[in-house]
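Before any comments, here is the structure.
Residue numbers (this note's numbering): 485 to 633.
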């Protein structure tokens, strides 16, 4: 039995969001490449459905942007606050949820389209957007507080 203490929690959220950002960037970039391939290969079921094209482009774009946002959050976290602060866990959950709900909602919205309207998956997008806005507001507030100390 070892007398060593458990690993400290310092850097847990930084490492989590750097890993998440870089790992999620891969499938969202591959999705973008796939969409470009559909254009290049003139895939009719994709090109003839404008709603599907828009929804899947938005899924790729939001997923890529949110992946980079995770990396930016991780890099700036130690400059904003001690990672043991109560709000860091809350912001982390909001960011992860938004990264699942927004691109997922756009993708599902384009999977089955109905006479020019996206599918029901689109209803996930406003929930994810609300969580993202809440997280960004909290991060901005922490940056303003940190700057005034």
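For every residue, glycine included, the Cβ atom is placed at its ideal position computed from N, Cα and C. All figures in this text were calculated on a predicted structure; none of them were measured in a lab.
- In the structure shown, residue 598 adopts extended strand secondary structure according to DSSP, grouped into three states.
- When the Cα atoms are used, residue 522 and residue 554 turn out to be separated by approximately 29 Å.
- In its chain, beyond the 5 residues on either side, 589, 592 and 593 have a beta carbon closer than 6 Å to the beta carbon of residue 605.
- Residue 619 sits away from residue 556, with the two beta carbons spaced by 9 Å or more.
- Within its own chain, the residues whose Cβ lies closer than 7 Å to the Cβ of residue 600, once the five positions on either side in sequence are excluded, are 535, listed in chain order.
- For residue 498, the closest of 616, 572, 583 and 628 by C-alpha to C-alpha distance is 572.
- Counting other Cβ atoms within 10 Å of its Cβ, residue 540 reaches 16 or more and is therefore classed as buried.
- Residue 626 has its alpha-carbon roughly 12 Å from the corresponding atom of residue 570.
- Nearest to residue 580 by alpha-carbon distance, out of 597, 532 and 505, is 505.
- Here residue 610 is exposed, its C-beta having fewer than 16 other C-beta atoms within 10 Å.
- Here residue 547 is buried, its C-beta having at least 16 other C-beta atoms within 10 Å.
- Rounded to whole angstroms, residue 552 and residue 622 show a C-alpha spacing of 18 Å.
- When the beta-carbon positions are compared, residue 597 and residue 550 stay at least 9 Å from each other.
- Residue 512 and residue 587 do touch by the CB rule: their CB atoms are close to 7 Å apart, below 8 Å.
- Residue 562 sits in a helix when the DSSP states are folded into three classes.
- The DSSP-derived three-state label of residue 569 is coil.
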